[in-house]
Every structure is written in structure tokens, then in C-alpha cells.
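Protein chains in written order, with our numbering: chain E, 1 to 589; chain Z, 10001 to 11120.
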């Protein structure tokens, strides 16, 4: 019984799998790649519901506000609330890809073709795509970063220098090309949602568009920086880079797999509805690469990547027992054109009196504003509002008993009897991406997140054309998008066309995590990080002591913002600099 | 592998030992279970060789005493012990020797439990008056058999019977009786004409012959050489706590006891021996009746005979799990005698020691206005509204709620019943107990409560002259009931909830929440469903002890133990209803119309889980004990132990219940049903031993060792050798001492050194392992498994090593009245298993394994000073103990380039970085005059510009020297007794720890009154407290972690931890009812606290959760 047999001590973990087992079994290798998908940091889940739009001029959060970030106060010790992709988490995921490349040949794969590819090819393609995706996120933030393609062991030398920006872009493009060669055109059945050839080419398009942009081309703002090659190109021409970007974008279009979703609405109202549906539907003709969710759990475990899309909870108005985050800013709302294609202006008395009339149909799909009808209120609130109309205003009423004016706050304001602390400051709430059939306080949504949709590709293509002087070609595609939005065509050329393009991109891709990078690569920091505005909505007391039925809406500055050019790039954290003295810090930190 | 094999087969190579082992194992193998060791020494079976010529009987006694655990008790004058005798005996038991010694004399003897031998005369002179009475234990009130009763100045005497009764014929009732008993102070009592003289004997705390439980055996106080503290079980019973761990505070020098929470079922104290020694797990090894890793928390305190803590290298016999010290718990066993039945009942009332005092509605409204003012936002409340909150004129519209008093109850009941039955004959002894405890939660309409039912049965059988069999069985059922929201959520929500919101509306319906339905008065009740957790623990041990008749002094012991635990948990969550009012709608009677809202979750759901744990321990011991020439005393122990454990668990859940009628899984909806499960195993194999030698009990040496193998490490580094050496010198036995220093009647110097191990890390760090992580969704709604690399392997992972050095002394002065012990220790923990993530760059992407990289020094001292005396009927003993320990990281993975004042190296473990708060900016000029955080404004906390770079950034953080564990802990124990009254008082305190004070205050929640009083406002610019703030918006308020020293509070405290006042009802009253002893008492715990914290208990962990409790208790115990 008590024996000398020490094999007794050779226990094996029963809740873990050994590396050997994992990399021999193709289905386990596939599960491993699923883990890499899961480790890619996501725009809003796992971020306390805060979307990246709050770190630029698109939206505001009454809890966090991100005053420091939006005043360029981030340092190498403190990113002031940034909670998305970053140095450490991306390199952790990159290692996962590198492990895969080192081990995949142990796998006992067969040659069965699914969607035209073997499993081994498909998984290898996915790993290249994911590694490219992760490096793209890093390069967007930091400029050139160390390119690491192998895995470290415990006793290795860990110090490594940054590669140049152009090396990184070259590497990412190679990865995209490898992925495109290995991935199927389309995934069917249970594989739907995995990276495809289109996803790899779309990524390549985005990378090359960003790389061709002003920020990375001999930008004089960083002329004093000793290592300019870390931040952008120091040789070659913008022309050749825009050409490469255009070609890469065209490659996606030439797949002929994707098309604009419902491109020809009959009315503005139809365009509005289409644009709501586009972001709620499970699948559309635009989808190139998306992340799916299922409402597995609701109610309490909101921060877990696994528990569905909780944007309905975090972004919905407080008067529905929702949390009111990601509230659209006045700046964003004011950017929506009038239906005739002219700019909206508070200086125009007619427009200021009825600011929500005759706006771009996409405005109505993207933003909740005073008086718009939405879903029914929860039962305990319904007595106060049986219809379910957004109330961000305040009613001035006359109290005959006390002979004085009484202010009655709207249900979705900060003075609301319903969770007023969750009320937004902006006078707006986010509508885009929110499925009205879901009661966010209890359930998550299954609404997918679209990393790449075809409209972005068309916009990329138009941008490359503009930068290459091919204005007519550019207008064609911009106007396709405007037509889908039931907006009049544009006719400008040259710099004016570039401005119209940038405006179009801002509206079309609102809150899709693009503008944060767009304003940086376009070097528009000082123009973007300006005063953040909100609206004050008031049903005024008439002279006869009745209350006005039409609100008076007044814009106001909510938050003062500043820009410092250091914010075009992120700092590498001080700790990391200390651990690896071969790293060079970005300018300004 | 080779190396370990050759060692482990050492036992086999020694043929003789192998045979013995085989014999024992064969016997045990009938028993299905495993092997283990217990702590009693079988002295009555011990064989003596005595060759003495012309010595007094007394000398014979002394010789026997030196060679064994026996102690003789006799009266010189009356027991004829100065008679000269010669003995030449071989291989004789003590009873055989004594029978020969007293053959044909008028003296008899009795061998009692605890190896006590009482010598009394049989033939007494003719007497003329009878005195009788009962002698009881002054603390427990239980009768004491075997007490020597004699008449002062005569040879007259007797001993008490099993019921503690005596009868003695005396010549005159004006004489004086002497009561003496081992382990108790000898007492002198005047008969003063009485015919019944009852007496309570007070235990003598300095009994040198007292048996001390050590690893796999026992020793005596006089000969023990390690640093060991012991506690008698009866000392635990005066503390009215449900969880026995909370009774240990202030009693054992060197044991740091911190009671973090009072939540029923989760109120176990954090125990650490000599503070923190490692960056990892610092919990000591708990050994109950010889079986490792049993729980101390659930043991019924009436079952505990003694608790011993091994603080130094004497723990090395427990090898790889001993580095944090060992707590040895021994339960009671039966004693020879008529059945003794005891029953005790404790009825207690508990209340949280302290609850935060929150701002009232008017103050809160004012502070919210200030927050808005500082952010240039309009005021939320008008002066008129603030006035209404203040005057309470409108309870519907302007309530003023004290959420803590709405949520928490003033007094909650707890009770504790126990029953014991013990007794036996020489052949069969038994101890049986049964207990029941109940503890209500401290909420109004509480859904929280804990109850426990337990039993223990310890049976000792003597199968034959040389074979003994012990069968121990104990079990308990623990029931934990909670609401579906945690104690932390309820507490946090009581802190957060606006005082401007009603807990209940004036019509009695519950008021609204801040969010998520979190109204604490409802969350604390069963309106949200329930969380029911039932655990069954069954522990068993069978021990066979064989004295080998043909090898003198040799015995073998085999133990087989099976411990089993089962847990069933059922979490049934339902939506609950809260009522809100829009402040506008009234009914026809002008009463506000409330609207019911379903809150919390949309529909009922159930999650049910089960867990099963299983551990077998098998061990075999070889004991050899001999004395040579009456002066050389040897003890030898060798053993082997094998432990195997396994566990498994699973859970399943369903949602969308159509009705709440059936709260079972089958009745749930099919959508989103889910389940999961896992398992694990563990295995250990050890060889250990001890060699013990003393010369005349004057010079003592001990060597203990363990060769320990653990499944946690890879084959090559799986086994470790852990030695411990200790030496002792009883200087007071030397002639020079006796001649010159006789005032110090006992003095022993001790020293020890050894190495022990710590393996408390996640197992399998040497394997390259993958585990399933979150699923990822493809094809719109299909969950796909994902696999993640759990860590990269460290193939060299092995033990943490504790290098422990201890030096100390024990002294008794003034005829044992004064005792003093002192220990100094120097613990250097090396090979600490920690992650190298401070120096490995993030670019590597590595999930690091633990590596043997850290080094921590922990040093300190302990003392224990006691004095006991008696004047007339008043007796007292007072003792003070204290322990100081401070640790320092000598080496670990420090990030390069970190300035000295931020480095962890050279500072205590777990010390955090903080900005240094040096005041409050009184005005804008003050802000402008000193480096400050961007956006700092008047009323903000000033952070010191530590590195003088005119910039406040992370480089201005300084690593603290203090942590949340105290560096000094101590206790003052006072026991007083006067006639039948007694009292026990324990003051306990701790110093050197800090906690932080915070609240989620602002627009999202209420302020603590302390933060509101005297805060900075534009009218009070010279304030020492910051302005009103909003949640985490301020740079000096991070919400969940203190980032600056303003929020750190010293948690030094002194508290009246325990008080008991009792009365032993005289036997004259009891005996008519057939009662041997009856005691009634009041007791209490945490009755008074002296500290600097207004809102929190100093033992809590950063002021979160369920406060520790103050308990008032009434009880009685009855013995038949």
C-alpha cells in the first residue's frame, strides 16, 4: 500500500490539455485559433461599454468624460482611460499566432476541401490575417513597433528594438497577401464569420490607405524627432503609396462578392429605416468581416466578452433603466447635413428653431433626440410615458397652488426620477446599433459588430482616387453612398471634394471606430479636439402660464478640449521602456 | 528519479524495519482506509529497566519520571516515600514496578490519565469527624477526579473519586485542608467548622510535565526544544463566536488572527503564523488529529482538547507544507470513569461592531450642489428643497433615509448547543459529542443565516495487552443561506444609496433603487430568491497501535483516514418589485400613486452546482523509546505517509421559468440552458522521522526531517529534503544555578534551525498546458470552443524554502508564580515562486509561469509573560503576550530603472505605491504655487512633488512601508476567581497595518459623514479635508483603490476581544438534582474597541463587506 512506486505522484491535470495533444488534433487547433479571434480586443465589450467615439469628438460619457484624454494629457504612466487594443494585449495575441505557426505542422490534417480550401490552409490563412490585424492595431497607435514572428522561451533575450513604420506596413501587407492566398472566398455553414479572402484584402486596403495618409509621410510636425522612420515613410512618394492603396482597395471590389445594402431607397424615410436595419441585421450584403454575439446572459455580467452585445444597456437612455453612455455629441449631430445637402447651422434661425427637421436620413437612424418615439418604457416608467418618447428636455410648468414656476425634468435627463445619475449631458442618445426589440436592462443583443463593411471599401477607394486626382471616379462612389442615404449628389472637385469626402466618411461611419484614426492620419487634431457641445432642451413657460409644446433648443459648450501633437501617437508605457532599453519612445512623452 | 528511488527504498533495505512495517501494514490493510499518526504517547505500555541499590522510594519515582512521561504525586509525610529500597527489574511496566514496591505496605497507587500516578496511604488512623465535598475545575466547573486531599500537618489524606467527591475523617473541623492536583495550583482551605467543603481548583498554567502535542507525537513542556505555543481547548469556550478561528485572537503569541468579516458562514479569521513570509500563500498547515489539511473552522470548540502551533523548524517534520507554520488541533478522547454527560447552551445576540455613518439628505443635497458648482453646472437642489430634507416635513417628497439603520438589524440571534458523553473502562474509552449552531444574519428580514450540526465520536479500544485500536469519526452539515446579492453588494449599496430616496415609502412599500434594483433593504431579504449552500464533511480515521513485545520500547502505528466533502448549492434568482413615484401623480385622496417595477432580472432562473472532494491519508510509524542508565533518554520515530486527493464538480443552469411554483431544473425553459464541470487530483508521498535525545532532561537535542514528494512539481524536482535541528538546555538543573540563581526555579534556553518547504502554488507549472476559454461565435449564433495557452512551462519549478532560525528561553520565577518566555526568529524564505513579469517585456507576449525567484526576510520576536497568585478566596492570573514581525523583500523581479523610493525590494511585501497627500489647495493661488495635476483646483488634495521635477506624475508615487497586515499583535489575558465567581478578560490589539477608506460618492452615491464634516468649501478654505467630489472624476479619487495617502488610515486598535463572567453553582445545590457541575455565565466578544476609525472595523479588509460582529451571550453548562 505504501509503496516505493513514485509513479503515484505522476498526476495529470484533468482540466487542462497538453500542448502535444492540442497540436496534433486539427479540431483542437481550430479551437486554438478561435481563442486568437477571442483575444482581439473589441470596440465596446470589455470596455465598460465605452466606445472609441468618446475618445474623439463623436460621443460623450457622463461617468468618465475622458476630459484628460481629450485634452491630450495622456502620459507614459497613464493613458487616461483608454481601454482598447494596446501594446501588451496585442503582443499577447500575436504570440498566440506565432505559437500556431511553430506548431501547426504537427497537426494530423486531411486534404478534404471545404469552401475550396483544406482546413490547414484555412487556419494558416486565418492566423496570418489575425496577426496582420493585431499589428495593424499596434501600428495605428504607436507607429513602427517590434515585429516579432517567433515565440520566446523563458531563457531567451527579451530585448528588441522597434522596426520602422515602413517595415511594419510591408510586413502587414505580406501577411494580408499570404492570408488572401490561403483563405476561401466565402465561408459557409458553421464557418461563416471566419476570416475570408475578402477580409484579408479589406484589411490590406485599410492599412495602405492609413499608411498613405499625411500623418505618415514626412510629416513636418515631427521634424525634430530623431527617429522619423518609426512614425512614417522617409522615402518614396505619396503618389506611389496612394496607388498601392487604390489597387488594394480595387481588389476587394473586384471580388464582386459585396454590394451596398439596399442601395436605392425610394424615400428618405426608407433610407433611414434601411440604415437602422443595416446595423441590426444578422447578415447584410455589405459584411466583409464581423464579430457575432449571442445574448447568452443579461442582467449582471456585463463586462465579460462572452455575454453578448450590451450596447442596448450601456447606451440606452436612463429613463428606460439604461445607462446612457456613448451619448452623441452636439459636434457630431451638427455635422449631419440638411436633406438638400447644405450644412446645418445654429446661426440659421429657421434651422435653430427646428434643428431636427430635414436632416440627412442617417441622422434619424443614428441619434435619439428630444421627442423621437422609440420602444415602450419599462412598466414602472410607462405610467409617466405610455408611448416611449425620448425626453431629454425640461418642462417649465406653472403651479397654481404656490403661484410659482415648477420645472419638470424629462425622464431621460439627469434630473429624471429614473436613475438620473445615468442621464447624459449631451441632450442626445445613441440609436445606431441598438435593436429596439431588446429590453437592454435584462438582455444583451445579438447584433454583430462590423469590423469591415463594403461602404468603407468604397470610401477608401474614393479617398485614394481623390488623392490621385481622379475626382470623377471618386465622386461616382461617394454618390453611390449618398444615393443609398437618399442624399443629393455632390459635384465638387479638388480640395472641396476632399472636404466633402471627409464629411461623408464621418457621417457614414459614425461610431464605427474609424474617426478616431481618420482625424489622426489626416492630421486634424487641432480642428477635432475643440469644445464639445451639447444642447439644452426646454419647454418654456408661455406668458399665459401654459407650457410651450415646441421646445427651445440651445447649443452649449459642455467640455473644453485641447490638442497636443504628441497625441498623434501613443506613448509606450514607462514600465515597458524600463524593461527593454532598446525601445525608443514616441515624441512628446 | 534514481536518487529518489534509492532513498525511498531505504526502509526496504533494512530488513528488520521492513518486517515491522509489513506487519503493521498487513493489519491496516484490512481496514480499507489509509495510514496516519496520532499524538498520544503510550506510556502505560512503556517498559522499564531499573537497577537501583539502597535508594529511597522517592528516588525510584524520580528515575521513572526521567525515563518517561509519568509523574508521581504524593505527600512526603503520609506516603512513606523515604523508605530505602533496592530494585533490579528488567522489562517491566510501571504498574508491575509499583506493585512490587508497595507490596505489603499501607500505601497504594493509582495510574490516572495523562500519565499521572497518585500515591496514597490506605490505612488511616481512627478519625472522629467527617468532611466531604466536591472538587471542581475552576474554569470549566467540571468535577476533578484524583485530587489529593490532605489535612495540613498530618499524614491524613485521600483522593477524589471519578465524580470529584471526597470524604475524609478529620480530628477537628478547625483544621486546614490541602487540595493538590497536577496541573492545578495547590490550595489551602480552612474547614472552619463545615462538614461540606467544596472547592474550585484553578489550573496552573506553567505545568512543566504537561504533554505538548508535536508533529506525529508528543513531548513535555520541560523537554520540548522547538518554538511552540499551546492553548487548552477549554480556553476557547469562553469566546462566544460561531467560528472557532475567531476564538484564537490574542491567545497564542505568534499567531496573527484577523477577523475580516462577520458574515454568517464566511466569518473565519485569517490566520498567519509569524506574519507574512512569502509573496504567495501565507496560510499555515492545519493538522487535525494527525491528518493534514483538514479545516479548523468547522470544528465544535467543545471537541478541542488542545491547539498547538509550531512556529519554527520543529515544523520541518511536515516538510513541504510546513513553511508557514503548522497548527495542530487535537480533539478530546474518553477517560476512564463513569459516563460523564455534559450539556451546554449559549444564547447570543450579535450586532455589527460598527457601521459607517453616512451623510443625511440635506448634507448630501448640499454636496451635490457643490459638485455641480465646481463643474459649472446648475445646482440640483434649491435651498427650499434642502430645507425640506432637513425638516422632514414631507416624507413622500423629501425623505431623509439612514440606509444602514434601515438595512441592518440592531441585534441578531445566535445560539450554540452542545452535548458530550465520555467515559470508559480500561478496555474501551469513548468520547462522543453532538452540537448545533445557528447564526442569523444581521439584516432586517434577513435571508442570511448559517447553521451547523456536527458530531464526533472518538473510540479507544484496547484489543489486547499490546494492541490498541482507535476509531475516530466526525461529521458535520453546514447550511449557508444567503440572498442572491452578495454581502459586499448589500453593504456597498447601503453606502451608495441616496439619503434623499426612501428605503420604504410612508405606506410601507419598498422604495426605488439607484440602479439594477439595488435597494439594500430588499436585497438583504429572500425577495430576490435564495442562495442555498449545503456542505457535508465526513472525516474518519482508524489507528492501530501495536507494542512489539519482543523488542523493548518498540511500537508501530498505522493510520488510515478518509475525509470526504460534498457541496450542494442552489441559486434561485427571481425578479423583485420596487416602487417608484414620479413626484407628480396623486390619487383621489391626494396620496402619491406608486408604480411597481420588476427589477433585477427579467425572469426566474436557477443554477445548481455540486462539488465532491475526497482525500485518503495512509501512514505508518515506527516508534522506539528507551532510556539507558537512567540518564540517557532516546526517542526515535520514522514514518511514511501517502496522501491522495481528488475533487470534481459540475453545475447546470436554466432560465425562463414559466412559474416560480417548481424551483427545480426540470421546470426551467429550454432556451439558454447551460452546464459545466471539471475535476482534479493530487498526490503526495513523504518519509519523515525524528530523533530525540536528552541527558537527565537537562541537555536536549532533537533532529526532525522529512523527505517530501509532491505532484505539483516535475519528476526531477519533485522531492525535497527538509531537516530541522533544535537544542535545549535547562540551565536551572545545573548545580551552579541552583546554588546562585534559585529565585529562577526554571530556566531553559532553546535554539533551532531548519528548512521547510512551501508548495502552495497552482500545480503543473512545468507542463505546457492549454485550457478552454470563452467561446467565440461564428455563423451568427453558434458558440465555438476556444483554447488558450495557459502558461509557458517552467520545467525547473520546485519548492519554496523557508530557512528558519529561532532562539528563545522559558523561565519560571517566584516559585512558578511568574513565567516568561521569549523567542527571536529570523526566517529567510528563498526560492519564492513568483512571476517574472516585472522585468519581462510585454512584447514577449508570455503568460509567465511561477519561477523560484523571490527572497523574503521576516524577522521578529514574541514574548509571553504571566503571573498567577492567590490570596484567600481570590485567585488570579494575568498574562501578556505579544509578537512583532516585519518582513522585507530581499530580492524579486524588480522592473529596471524604477527609482529607489518606488522599489519593492527592501520593503514589506504587498506594499503599494501612493502619491503623498500633503494638504489641500486652499485657493487658486495655492494651486498655482505648487506643481499640480492638470485640472487641479482649489479644494483638491495636494500631491507632493517627490522627485522635484516640477511635475506631478507617476514618478511621484512612493512605495508604502505599511500593508494591510499588522506588524505587532498582542493580547492581555486576565483570569480572576473569587469563591464560585470567575471572570476571564481578554484585551487584544494589533498595530502597524493600514486600510483605506473610500466611498463611491458623488452624483452616484452618498458621502460618509466624516468626509462631509469640515470639508473644503469656498467658505472654508483652510480645511484639512478635500472638497465634495464626484465618483472617480477627481485625480485624487480613483473609486476602488486608494491612490494617495490621504485615504490611508492606520488600523491600529485595542479591543476588549472577550469577556466572560460566570458562577459555578455550589454542589450542595446541584447534588440534590444529580448534577455534578452547573455553571452559568455571561460572555461577549468585541465589546469595546479603541481605534482611530469612525466608520469601519479595524480588522476589515479595506472597509468592504460585512463588518465583524459584537456578540453578547448568556450560557450555562451542566455536567451529570
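All C-beta atoms in this analysis are idealised placements derived from N, C-alpha and C, irrespective of residue type, glycine included.
Report the start-end ranges of each alpha helix (DSSP H) in the stretch 26 to 114 of chain E that is 4 residues or longer and not cut off at the edges. 26 to 39, 87 to 103
CB-CB under 6 Å to residue 10442(Z), same chain, minus the five flanking residues each way: which ones, in chain order? Position 442 of the second chain, counting from 1, holds the residue named residue 10442(Z). Answer for residue 10442(Z): 10352, 10408, 10409, 10412, listed in chain order.
Which class does residue 10033(Z) belong to by DSSP, given the choice of helix, strand or coil? Translated into positions along the second chain, residue 10033(Z) becomes position 33. Its pLDDT being 35, under 50, residue 10033(Z) is placed unreliably in this model, and the value from its coordinates should be taken loosely. Residue state, collapsed to three classes: coil.
Short Cβ contact (8 Å threshold) for residue 10323(Z) with residue 10852(Z): In the second chain, the residue the question calls residue 10323(Z) occupies position 323. In the second chain, the residue the question calls residue 10852(Z) occupies position 852. No; because the gap between Cβ atoms is not below 8 Å, this pair is not in contact.
Give every residue of the same chain whose Cβ lies closer than 6 Å to the Cβ of residue 10604(Z), excluding the five residues on either side of it in the sequence, and list them in chain order. Counted from its first residue, the second chain places residue 10604(Z) at position 604. 10574, 10657, 10660, listed in sequence order.
What are the start and end residues of each continuous alpha helix (DSSP H) run of 4 or more residues lying completely inside the stretch 10895 to 10977 of chain Z, in chain order? 10924 to 10929
What would DSSP say about residue 11113(Z), mapped onto helix, strand or coil? The residue given as residue 11113(Z) occupies position 1113 in the second chain. Residue 11113(Z): strand per DSSP, three-state reduction.
Can you say whether residue 153(E) is buried or exposed, counting buried as having 16 or more other CB atoms within 10 angstroms of its CB? Residue mapping note: residue 153(E) aligns to position 153 of the first chain, counting from 1. Exposed.
Return the CA-CA distance between residue 10556(Z) and residue 10623(Z), expressed in angstroms with no decimal places. Residue numbering aside, residue 10556(Z) sits at position 556 when the second chain is read from its first letter. Residue numbering aside, residue 10623(Z) sits at position 623 when the second chain is read from its first letter. Going from the Cα of residue 10556(Z) to the Cα of residue 10623(Z) covers about 6 Å.
What span of residues does the beta strand (DSSP E) with residue 10832(Z) cover, start to end? In the second chain, counting from the first residue as 1, residue 10832(Z) sits at position 832. It spans 10818 to 10834 - the beta strand (DSSP E) in which residue 10832(Z) sits, taken as one unbroken run.
Within its chain, find whatever has a CB closer than 7 Å to the CB of residue 519(E); leave out the 5 residues flanking it on each side and keep chain order. Counted from its first residue, the first chain places residue 519(E) at position 519. Excluding sequence neighbours, residue 519(E) sits near 56, 525, 528.
Strictly below 8 Å CB to CB, what residues from chain E border residue 10680(Z)? For the purposes of this step, residue 10680(Z) is taken as the residue at position 680 of the second chain. Neighbours of residue 10680(Z) on chain E, chain order: 13, 14, 15.
Any contact between the stretch 10358 to 10366 of chain Z and the stretch 10462 to 10480 of chain Z? By contact I mean 3 or more CB pairs, one from each, below 8 Å. no
To which residues does DSSP link residue 327(E) through a beta bridge? Sequence index remark: in the first chain, residue 327(E) carries index 327 (1-based). Paired residues: 60(E).
Taking residue 10481(Z) and residue 10449(Z) to be in contact with their CB atoms under 8 Å, please state how far apart those CB atoms are, rounded to whole angstroms. Reading the second chain from its first residue, position 481 is the one you call residue 10481(Z). Reading the second chain from its first residue, position 449 is the one you call residue 10449(Z). Indeed, because the Cβ distance is near 5 Å, the residues count as touching under 8 Å.
If you count every other CB in all the chains shown that lies within 10 Å of the CB of residue 10632(Z), and 16 or more means buried, which is it? As a first step, residue 10632(Z) is located in the second chain; it is residue number 632 there, counting from the start. Flag for residue 10632(Z) reads exposed.
Return the chain-ordered list of same chain residues with a C-beta closer than 8 Å to the C-beta of residue 19(E), the five sequence neighbours on each side being excluded. Position 19 of the first chain holds residue 19(E). 103, listed in sequence order.
Run down chain E in chain order and give the residues with a C-beta less than 9 Å from the C-beta of residue 9953(Z). This structure cannot settle anything about residue 9953(Z), because the visible part of chain Z is limited to 10001 through 11120.
Residues in the stretch 10756 to 10769 of chain Z having any Cβ partner in chain E nearer than 9 Å: 10763, 10764, 10767, 10768, 10769
Residue 10504(Z) versus chain E: which residues are under 7 Å apart at the beta carbon? The residue given as residue 10504(Z) occupies position 504 in the second chain. Chain E residues near residue 10504(Z): none, gap ~16 Å exceeds 7 Å.
Can you tell me whether DSSP reads residue 211(E) as helix, strand or coil? Taking the first residue of the first chain as 1, we reach residue 211(E) at position 211. Reduced to three states, the DSSP call for residue 211(E) is helix.
Does residue 10935(Z) have its Cβ less than 8 Å from a Cβ in chain E? Position 935 of the second chain, counting from 1, holds the residue named residue 10935(Z). By this cut-off, residue 10935(Z) is an interface position.
Less than 8 Å separating the beta-carbons of residue 10357(Z) and residue 11008(Z)? Locating residue 10357(Z) in the second chain gives position 357, counting from the first residue. Locating residue 11008(Z) in the second chain gives position 1008, counting from the first residue. In contact: residue 10357(Z) and residue 11008(Z) (Cβ atoms closer than 8 Å).
Contacts around residue 302(E), its chain only, beta-carbon distance under 6 Å, and the 5 residues preceding and following it disregarded: In the first chain, the residue the question calls residue 302(E) occupies position 302. With a pLDDT of 48 at residue 302(E), under the threshold of 50, the modelled position of that residue is not reliable, and no figure is offered here.
Assuming the contact rule is C-beta atoms closer than 8 Å, residue 10515(Z) and residue 10489(Z) should be a hit. Round their C-beta distance to whole Å, please. For the purposes of this step, residue 10515(Z) is identified with residue 515 of the second chain, where counting begins at 1. For the purposes of this step, residue 10489(Z) is identified with residue 489 of the second chain, where counting begins at 1. Not quite, the Cβ-Cβ distance comes to about 12 Å (not below 8 Å), so this is no contact.
Under a Cβ-count criterion, where at least 16 other Cβ atoms within 10 Å of its own Cβ denotes burial, should residue 10899(Z) be classed as buried or exposed? Translated into the one-based positions of the second chain, residue 10899(Z) becomes position 899. Exposed, since its Cβ has fewer than 16 Cβ neighbours within 10 Å.
Inter-residue spacing [alpha-carbon to alpha-carbon] between residue 21(E) and residue 227(E): Position 21 of the first chain, counting from 1, holds the residue named residue 21(E). Position 227 of the first chain, counting from 1, holds the residue named residue 227(E). Rounded to the nearest angstrom, the two C-alpha atoms are 46 Å apart.
Can you check whether the C-beta of residue 11038(Z) is within less than 8 Å of a C-beta belonging to chain E? Here residue 11038(Z) refers to the residue found at position 1038 when the second chain is read from its first residue. For residue 11038(Z), the answer is no, since every Cβ of chain E falls outside 8 Å of its Cβ.
Is the shortest distance between the beta-carbon of residue 10027(Z) and the beta-carbons of chain E less than 8 Å? Numbered from 1 along the second chain, position 27 holds the residue referred to as residue 10027(Z). Low confidence applies to residue 10027(Z): its pLDDT is 38, below 50, so where it sits in the model is not reliable enough to give any reading.
Check whether the Cβ atoms of residue 134(E) and residue 145(E) lie closer than 8 Å to each other. Counted from its first residue, the first chain places residue 134(E) at position 134. Counted from its first residue, the first chain places residue 145(E) at position 145. No, the Cβ-Cβ distance between residue 134(E) and residue 145(E) is not below 8 Å.
Determine the DSSP secondary structure at residue 11007(Z), reduced to helix, strand or coil. Residue mapping note: residue 11007(Z) aligns to position 1007 of the second chain, counting from 1. DSSP places residue 11007(Z) in coil when its eight states are reduced to three.
Return the CA-CA distance between residue 11031(Z) and residue 10368(Z), expressed in angstroms with no decimal places. By one-based count along the second chain, residue 11031(Z) stands at place 1031. By one-based count along the second chain, residue 10368(Z) stands at place 368. Going by the C-alpha atoms only, they are around 11 Å apart.
Just list the residues that DSSP pairs residue 10443(Z) with in beta bridges. In the second chain, residue 10443(Z) corresponds to position 443, counting from 1. According to DSSP, residue 10443(Z) bridges with 10408(Z).
Whose CA, out of 10181(Z), 10747(Z), 10184(Z), 10147(Z), lies closest to the CA of residue 10168(Z)? Stepping through the second chain from its first residue, residue 10168(Z) is reached at position 168. When only C-alpha atoms are compared, the closest one is 10147(Z).
Give a yes or no on whether the minimum CB-CB distance between residue 95(E) and chain B is below 8 Å. Checking the listed chains, one finds no chain B in this structure; the protein chains it contains are E and Z.
Residues that DSSP places opposite residue 10753(Z) in a beta bridge: Residue numbering aside, residue 10753(Z) sits at position 753 when the second chain is read from its first letter. Per DSSP, 10725(Z), 10805(Z).
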